[in-house]
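Notes follow the structure.
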Amino acid sequence: MQPSPAVAGTMLKVDQFWQHDPKDGQPVSQHTEAYLGYTDKNLYVIFLAFDNAVGNLRNHLVRREQINDEDQVGIFLDTFYDHRHCVFFFINPAGVQQEGTYFEGQQDIDLSWDTIWKSETRVLKQGWIGYISVPFKSLRFRPTRDVQDWGVLLERDIPHNNSEHSFSPRNSQDVQGLLPQEGKLTGFENISPGRNFQLIPYISGRSYRNTDQRDPVHPTFEAKDFQAKAGLDAKAIIKDSFVLDATINPDFAQVESDEPQITVNQRFEVLFPEKRPFFQENSGYFATPINLVFTRRIVDPLYGIRLTGKKGPWSVGTLFADDQSPGESVAPNDPLWGRQAYFGIVRVSREIDSKGSNIGILYTDRELNTVPNTTCPTDPCLTRTNRVGGMDAHFKFNKNWQLDAQAVGSETRWNDGTYQSGAGYFVYLERTSRNLEFNSIFKDNAPGFQTRTGFFQRPDIRWFSNFAQRRFYVEGKRLLWHGPSILTRNIWDHNGLRIEYFTNANYRWVFNNRNNIGIYANYGHERLRPADYSQLTSNVDFPHEQLGLFFNSQYYNWMTLNFEANLGRDTNYDPVQCGNTLGDCPVIALPPVPGKSRFAEISATFRPGRRLTVENTFFYSALRDIHTDQSFFNNYIARTKWNYQFTRAFSLRLIGQYNSTLANPAFTSLQHAKNFNADVLFTYLVHPGTAIYVGYNSDLANINRALMSEPTEYTELVRSKTFLNDGRQLFVKVSYLLRF
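Under the numbering used here, think of the first position of the sequence shown as 24, with each following residue one higher.
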């Protein structure tokens, strides 16, 4: 493979690529060349990815952006050259595209940003060729007549060679961060981002039948043969630096359901990440050490507007939206009926040096439109207003050390007229290098601190934790590296009482054949107080001890396997409560008790053909009495997802998930519950914004066909031995991108 003389003579050639892992600093294992050029309209990148084992290429036709496990090449573009934020464009050998954004200091990339660009690929005997063409109007940068400097990183990933990731220029594990090591791409002249205004109108229709439990005492079935809906997404670029996004009557029917997690016997809320594109895009502008912006709190918006962007050293993010869910989730006789909540978020940050250090402020506000001093039977009605504001800072000391800190205050006015306030503090110190990683975290949440816009689990704590990991690189024929890690955590309340301590120690071995295995031990105690559980008459310590192992393998190109299991001791957080069974309450409500725990998780992805991907996940969690070995509960979750890609644009996705909780009513307030959900989605995605979706969803649960309510603490439906179809939906959605 070689470029034509015309291409070689007019484009910038890059042929020095260096491994980031597995062998940091070594040349790329397969020769790689990249050629960069531009016109007044487009940026062009051509990759020549040589490979002496073409038959081992991961070259699957998968859904757009789902190429993280594939061979791929791509480019990162820091168009403002601030070492803080960039966009990227990647392709696999099948030509499947992936684009997104990356904010320095955040662990995950953001794939919610979409734009239009072109790509082509060709697989040959010597390797494969990748062609990328990005219109300048798909990018944001400073309009100037002067020569522009952009930050750039080129990357090639070779999964069949120990999941190799290589960059040009070199990106070392001994230096913290991705963008601080980027190269400079200079020489851009006479280019302009142009006008970039786009509209995405959509129309949808659905037919559905489901249970209506807004009145928990008198649940019913609700059904409609046809319900039409229309809405609009809009995007405008302001002065080439800021992006204004707006949505009216958004529809998220095509968004994939949440990945399964264990939610049974959890003392605190479990985090399910945001998946809705409008709220995902540019979410990095609102990220701070304390999670004060968790947009899943905005359950059912009628509208939303967001402004994000950067001008010089200043970055700005604002988000305003309503939420109709408080008034839609209750019965007509509830004082919250028909009421809305309103969210307002403002974020401003400023860079203070060339290393990437910055300081910022954040203000969040949630207002509930309800009648003050009314009796509210539901939790959403209790908080009338919640406001949080504060400052944060990120300091980059050198290539290895960084510090994050934040101080905030909150004020909450309850619907009964009472008032609560408190402060929250967070400090995070980190050192990273190839061989050693270390971090310390300090948190302080006052008893009165609350946030209704963020993800927040518990007030009245002082938290101090430390983590350290040491890697010993062997880089032998079989073993790549091995090493231990340890995590310690101590938590006190504001009276000085230690309420938790926890230690995790593990050892991991990573092999050259893309396998790794490890063992771990957890040891800790949690102190529960009468304030936590009224059944307790004094403080009681509960042990938390587990021994476990884990295993991960990508040895075969057609299979990815992950496994984890542990056994030990845990706490029954859901003991029998008054009203656990239909009829009279138990004479005595039981306090939490320790139990013997079992846990297992298996995930396996199979690619039996170039177009088919099958992802399977299984969870098992159980708790038993320490003395009698009687079961408290057994929880099983099994999920399978099949995706068949007919073409790059047309795909069929099938998801089936089964969730079962086998509970012993003598020991737990959990219900004996079973649920099966099936989801089918046909997608024709011409390009981002222009698509047709046809989907069907059906849910089965073991609930009584008469929809009788059980007078538990939460007034749940009576369970039965047979399944009832408690919800189904057929929908069609069409959207079209208009770009000006």
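Note that the Cβ used here is the ideal one computed from N, Cα and C, for glycine as well.
Less than 7 Å between C-beta atoms, sequence neighbours within five positions excluded: which residues of the same chain meet that for phenylalanine 472?
Same-chain partners within the cutoff: Ser433, Gly445, Ala446, Gly447, Pro482.
Quick one: give me the first and last residue of the alpha helix (DSSP H) that serine 380 is part of.
Premise fails: serine 380 is in no alpha helix (DSSP H) and is neither H nor E.
Suppose you measure from the CA of glutamine 668 to the CA of arginine 634; what does that come to, to the nearest Å?
About 5 Å.
Of all the options Ser463, Val170, Val533, which has the alpha carbon lying nearest to the alpha carbon of valine 497?
Ranked by Cα distance from valine 497, the options Ser463, Val170, Val533 are led by Val533.
Could you have a look at glutamine 204 and say whether DSSP puts it in helix, strand or coil?
Glutamine 204: helix per DSSP, three-state reduction.
Separation of valine 119 from leucine 80, as counted between CA atoms:
Looking at the two C-alpha atoms, the distance is approximately 14 Å.
What is the rounded straight-line gap between the Cα of leucine 162 and the Cα of serine 264?
C-alpha of leucine 162 to C-alpha of serine 264: approximately 10 Å in a straight line.
Once DSSP output is grouped into helix, strand and coil, what is the label at alanine 31?
Of the three classes helix, strand and coil, the one that applies to alanine 31 here is helix, per DSSP.
Classify phenylalanine 159 as buried or exposed, calling it buried when 16 or more other Cβ atoms lie within 10 Å of its own Cβ.
It is buried - the Cβ of phenylalanine 159 has at least 16 other Cβ atoms within 10 Å.
Beta carbon of glutamine 277, beta carbon of phenylalanine 642: below 9 Å?
With a cutoff of 9 Å on beta-carbon distance, glutamine 277 and phenylalanine 642 are scored as not near each other.
Around the C-beta of tryptophan 581, are 16 or more other C-beta atoms found within 10 angstroms, so that it is buried, or is it exposed?
With fewer than 16 Cβ atoms within 10 Å of its Cβ, tryptophan 581 is classed as exposed.
Residue of Asp274, Tyr308, Thr286 minimising C-alpha distance to arginine 299
Of the listed residues, the one whose Cα sits closest to arginine 299 is Asp274.
Decide if the segment 619–632 is in contact with the segment 126–136; the criterion is three or more beta carbon pairs, one per stretch, under 8 Å apart.
Three or more Cβ pairs closer than 8 Å define a contact, and the segment 619–632 falls short of that threshold against the segment 126–136.
Is the closest heavy atom of the ligand SAH to the C-beta of glutamate 523 under 8 Å?
Questions concerning the ligand SAH fall outside what the structure shown contains, since it holds no ligand whatsoever.
Our contact map puts isoleucine 114 next to isoleucine 139 with C-beta atoms below 8 Å; I'd like the distance itself, whole angstroms only.
Between isoleucine 139 and isoleucine 114 the Cβ distance is about 14 Å, and since that is not below 8 Å, they are no contact.
DSSP three-state assignment for serine 161, whether helix, strand or coil:
Under the three-state reduction of DSSP, serine 161 is assigned to helix.
Between the CA atoms of glutamine 600 and glutamate 736 - distance to the nearest angstrom:
With a pLDDT of only 48 at glutamate 736, under 50, the local geometry of the prediction cannot be trusted, and the value read off the model is given with reservation. Between glutamate 736 and glutamine 600, the C-alpha separation is close to 8 Å.
Using 9 Å as the threshold, is the C-beta distance between glutamine 171 and threonine 209 below it?
The answer is yes: Cβ separation under 9 Å.
Using only the alpha-carbon positions, how far apart do isoleucine 509 and glutamine 492 sit?
Computed Cα separation, rounded: 7 Å.
Rounded to whole angstroms, what is the Cα-Cα separation between tryptophan 515 and arginine 592?
Taking the straight line from one Cα to the other gives about 22 Å.
Using C-beta distances below 7 Å, list every residue in its chain close to glutamine 614, excluding the 5 sequence neighbours before and after it, in chain order.
Contrary to the premise, residue 614 reads as proline rather than glutamine in this sequence. Within the same chain, proline 614 has close Cβ partners Tyr556, Gln558, Leu559, Pro598.
With distances taken from CA atoms, which of Asn518, Asn529, Asp105 is nearest histidine 505?
Ranking Asn518, Asn529, Asp105 by Cα distance to histidine 505 puts Asn529 first.
Would you kindly work out how many angstroms separate the C-alpha atoms of isoleucine 261 and glycine 750, rounded to a whole number?
Near 44 Å, if we compare the C-alpha coordinates of glycine 750 and isoleucine 261.
Outcome for histidine 650 when other beta-carbon atoms lying within 10 angstroms are tallied against a minimum of 16
So histidine 650 counts as exposed.
Residue burial classification, glutamate 304 (beta-carbon count within 10 angstroms, cutoff 16):
By the neighbour-count rule (16 or more Cβ atoms within 10 Å), glutamate 304 is buried.
Within 10 Å of its beta-carbon, does threonine 745 have 16 or more other beta-carbons around it, so buried, or fewer, so exposed?
Exposed, by the Cβ-count rule.
How far does the alpha helix (DSSP H) with glutamine 303 in it extend, from its first residue to its last?
Following the DSSP letters along the chain, one finds glutamine 303 inside the alpha helix (DSSP H) bounded by residues 300–303.
Burial state of valine 110 (16 or more Cβ within 10 Å):
Valine 110 should be labelled buried.
Where the alpha helix (DSSP H) containing glycine 350 begins and where it ends
For glycine 350, the uninterrupted alpha helix (DSSP H) run begins and ends at 348–351, by DSSP.
C-alpha gap between glycine 174 and glycine 206, whole angstroms
Answer to the nearest angstrom: the Cα atoms are 6 Å apart.
For glycine 340 versus isoleucine 368, is the C-beta spacing smaller than 9 Å?
Taking 9 Å as the Cβ cut-off, glycine 340 and isoleucine 368 qualify as a contacting pair.
Per DSSP, what kind of secondary structure is arginine 436 in: helix, strand or coil?
Residue state, collapsed to three classes: strand.
Does the segment 694–709 touch the segment 65–83, meaning 3 or more C-beta pairs lie closer than 8 Å?
With a cut-off of 8 Å, the segment 694–709 and the segment 65–83 do not count as touching, because too few Cβ pairs lie within range.
Going along the chain, which unbroken runs of the beta strand (DSSP E) with 3 or more residues stay wholly within the segment 228–314?
Taking only runs of at least 3 residues, the beta strand (DSSP E) segments lying wholly in the segment 228–314 are 243–261, 265–271.
Alpha-carbon to alpha-carbon, glutamate 187 and histidine 43
So the alpha carbons of these two residues sit roughly 8 Å apart.
Just how far apart, CA to CA, sit isoleucine 715 and glycine 228?
When rounded, the distance between both Cα atoms is 12 Å.
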